[in-house]
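Numbering (the numbering used here), first residue to last: 706 to 855. Don't be surprised by glycine CBs; every beta carbon is placed ideally from N, CA and C. Keep in mind it's a predicted model, so treat the numbers as computed, not measured.
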Amino acid sequence: MSETGEMLIQGAIDLHVHTAPDLVPRKYTDIQLAKKYQAAGMDGFVCKCHQGDTAARASTVSEVFPSIKVYGGIVLNHAVGGLNEASVYACGAMLEHCYYTPYYHLCAWEEILESIRQAGAGHILLSSDLGQIQSPDPEEGMKQFVEKYL
Numbered sequence: 706m707s708e709t710g711e712m713l714i715q716g717a718i719d720l721h722v723h724t725a726p727d728l729v730p731r732k733y734t735d736i737q738l739a740k741k742y743q744a745a746g747m748d749g750f751v752c753k754c755h756q757g758d759t760a761a762r763a764s765t766v767s768e769v770f771p772s773i774k775v776y777g778g779i780v781l782n783h784a785v786g787g788l789n790e791a792s793v794y795a796c797g798a799m800l801e802h803c804y805y806t807p808y809y810h811l812c813a814w815e816e817i818l819e820s821i822r823q824a825g826a827g828h829i830l831l832s833s834d835l836g837q838i839q840s841p842d843p844e845e846g847m848k849q850f851v852e853k854y855l
């Protein structure tokens, strides 16, 4: 990976990464990912799980790694009762929205880049949706992600 990619992820927070434990195999546990992101110079991540909230997991990892910001969230799908205020309140989390990711070829890089240009980079939050077994390592994927937009 280039020095540019390494420089651009310094201080970054990955807003959407899948970690273990999960019902689906994941590349890394929350703690393993915190170590990798800390070594890469990133500031943190939001751990995601489709089957429940991750607020308690995030709190535990933050205690072990105080220099890394780890946030939990909740996906408001059937496993938690769908779109409901009680689940969000109990989790103390933000609502999860759908993301299109080039890693699953749901949207071409060029389409994403054009959308960013139209909206203006100051109005965009990018997330990688990494953590699946077949995906690149999350910190390497983040470098690839930002380099694609240079």
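Inset, instruction - Identify which residue in Phe-770, Ser-772, Pro-771, Phe-750 has its Cα closest to the Cα of Gly-778. - result: Between Gly-778 and the set Phe-770, Ser-772, Pro-771, Phe-750, the nearest pair of CA atoms involves Phe-750.
Legend entry - Residue ranges of each beta strand (DSSP E) within the region 709-794, 3 or longer: DSSP runs (the beta strand (DSSP E)) wholly in the region 709-794: 718-723, 749-753, 774-776.
Inset, instruction - Specify, as a first and last residue, the run of the alpha helix (DSSP H) that Pro-843 falls within. - result: In this chain, the alpha helix (DSSP H) harbouring Pro-843 covers 843-853.
Inset, instruction - On the DSSP bridge assignment, give the partners of Leu-835 in chain order. - result: DSSP, once it has assigned bridges, lists Val-722 as partnering Leu-835.
Legend entry - Buried or exposed (CB count within 10 angstroms, at least 16 for buried), His-721: His-721 counts as buried, since at least 16 other C-beta atoms from the protein chains shown sit within 10 angstroms of its C-beta.
Legend entry - Ser-840 - DSSP class collapsed to helix/strand/coil: DSSP places Ser-840 in coil when its eight states are reduced to three.
Legend entry - Alpha-carbon to alpha-carbon, Leu-855 and Gln-715: Near 16 angstroms, if we compare the C-alpha coordinates of Leu-855 and Gln-715.
Inset, instruction - Report buried or exposed for Tyr-805, applying the criterion of at least 16 other Cβ atoms within 10 angstroms of its Cβ. - result: Unreliable placement is indicated for Tyr-805, whose pLDDT of 35 sits below 50; no coordinate value is reported for it.
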